[in-house]
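Before any comments, here is the structure.
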Amino acid sequence: MTGEVAAGEQGVEQAVQLLREGWLVAIPTETVYGLAADARSDDAVARIFEVKGRPKFNPLICHVHDIAVLEDDILVDGRAQRLIDAFWPGPLTLVLPRRPSARISLLASAGLDTLAVRTPRHPVALKILETMGGPLVAPSANRSGRISPTQAVHVQNDLGSDVSLVLDGGPCTVGVESTVLDLSSAEPRVLRPGAIVREQIERAIGPIESGAQNDGPLKSPGLLSSHYAPSKALRLNATAVAPGEALLAFGPEAPKGAALVLNLSRSANLREAAANLFSMLRELDRSEANSIAAMPIPGEGLGEAIRDRLKRAAARG
Ligand code: TXA
Ligand code: MG
């Protein structure tokens, strides 16, 4: 069932209730409407990719009302703190190193060892985050490849019944997505230009990479050097296992003989498989096995994204 409600006190309560139960809620932010989900739930995060129809697992931005919420999840250095003091709440997203102990879904980071975070300025978004108490991932609330929504009705038209609730907080005042600044290495770099411009950032932390992405094509997160790939060799479309191989299985019938078997989804559910993908890859990589074999994944729905990610992991393995 989809509802669209005004973002009054009741709307906020209802939204938080649904989010806690693992559902998706479209929420207003100052930039664009976001499709929000509990950032700590693999299943809820997988649902986002499914609803957006993203062919790849593009990493998501984690939204919090206060950076302290992510104390155990990310590393905040002096540069990040200065930018937070200067621009939050507001349309600036920071890409920061992810702690190994992070409880945010690995799927939200798309397997990278970084996490993008921001505190939005819209009062309704802030109220939801505060009431929720925990982090929410929220990509723009449009289907992949469509234009970002800046009014509740855009979301309703684009996502329809695939979203549990659309919270109407009026038209977005900024209207373009947040600036994304990579602070995960020594040289800060703008990955996506937005309402907070380079000069403002430089006033807070000094000069940033001249090769910033303001004019050229945006750097694909899939090409970042911190991109996660298993250290063991990964073999795709395996229908049998060799001695010493660990198996990443999919579906009810897995070949026998693997050193270790983790099943992405015994019931061949692609959302469940997406939710398990990165954590199972990591676990197999840590195991005693010599290498990893992955069973074939069907190409429809989220399968395309899972295949894409497995292909990248295999190429670097
Ligand atoms: O204004 C916004 O940022 C909106 C509102 C809803 O907050 N959200 C948004 O999310 O635009 P999305 O998913 O449509 O765009 C997120 C961008 C993508 O370009 C993604 O590649 C990048 O941020 N990104 C996210 N996590 C990243 C990471 N760990 N490293 C590099 N880039 C990342
Ligand atoms: Mg988007």
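For the sequence shown, this note's numbering assigns the number 229 to the initial residue and increments by one for each residue that follows. Every residue, glycine too, gets a C-beta built ideally from N, C-alpha and C. Computed from a predicted model, the values in this text were never measured in an experiment.
Tell me whether residue i is buried or exposed, calling it buried when 16 or more other Cβ atoms sit within 10 Å of its Cβ.
i      : result
ALA541 : buried
PRO471 : exposed
ALA533 : buried
ALA468 : exposed
ALA353 : buried
LYS539 : exposed
ARG331 : exposed
GLN514 : The displayed chain sequence assigns Arg, not Gln, to residue 514. Counting Cβ neighbours within 10 Å, ARG514 comes out exposed, since fewer than 16 surround it.
LYS355 : buried
SER337 : buried
VAL244 : buried
GLY485 : exposed
GLY527 : exposed
GLN238 : exposed
Compare the C-alpha of residue i against each of the options and name the closest.
i      : options                        : result
LEU322 : SER329, GLU427, HIS291, LEU335 : HIS291
GLY339 : MET508, ALA474, PRO524         : MET508
ILE436 : VAL425, THR257, ALA423, ARG417 : ARG417
ILE289 : GLU405, ARG510, LEU246         : GLU405
THR378 : ALA502, ARG346, THR401, ARG327 : THR401
GLY529 : GLU232, PHE285, GLY236, GLY262 : PHE285
GLN428 : PHE315, GLY531, GLY231         : PHE315
PRO524 : ASP386, THR347, LEU419, PRO480 : PRO480
ALA503 : GLN242, PHE277, LEU320, THR359 : PHE277
VAL345 : LEU246, ALA274, VAL297, ALA461 : VAL297
PRO328 : LEU311, GLY239, GLU299, GLY434 : GLU299
PRO351 : GLY362, ALA235, VAL383         : ALA235
List the whole-angstrom C-beta distance separating residue i from residue j, where the pair is believed to meet the contact cut-off of C-beta under 8 Å.
i      : j      : result
ALA414 : ASP396 : ALA414 to ASP396, Cβ: 43 Å. No contact.
SER412 : PRO325 : 5 Å
GLU221 : LEU498 : Because the chain is modelled from 229 through 545, residue 221 falls outside the range shown and cannot be assessed.
ARG349 : PRO399 : Not a contact, Cβ separation roughly 14 Å.
LEU475 : ALA482 : 6 Å
ASP301 : LEU335 : Their Cβ separation, rounded to whole angstroms, is 14 Å, which puts ASP301 and LEU335 out of contact at 8 Å.
ALA466 : ALA501 : In fact, because the Cβ distance is near 15 Å, the residues do not count as touching under 8 Å.
Shorter than 9 Å from the beta carbon of residue i to some beta carbon of chain D?
i      : result
ILE375 : The structure shown contains no chain D; it is built from a single protein chain.
(request) Would you check if the segment 265-277 and the segment 238-251 touch, i.e. whether three or more CB-CB distances between them fall below 8 Å? (result) yes
(request) Mind listing which residues have their beta carbon within less than 7 Å of any non-hydrogen atom of the ligand MG? Chain order is fine. (result) PRO367, SER368, ASN370, SER376, GLU405
(request) Could you tell me whether the segment 267-281 touches the segment 358-372, using the rule of 3 or more Cβ pairs below 8 Å? (result) yes
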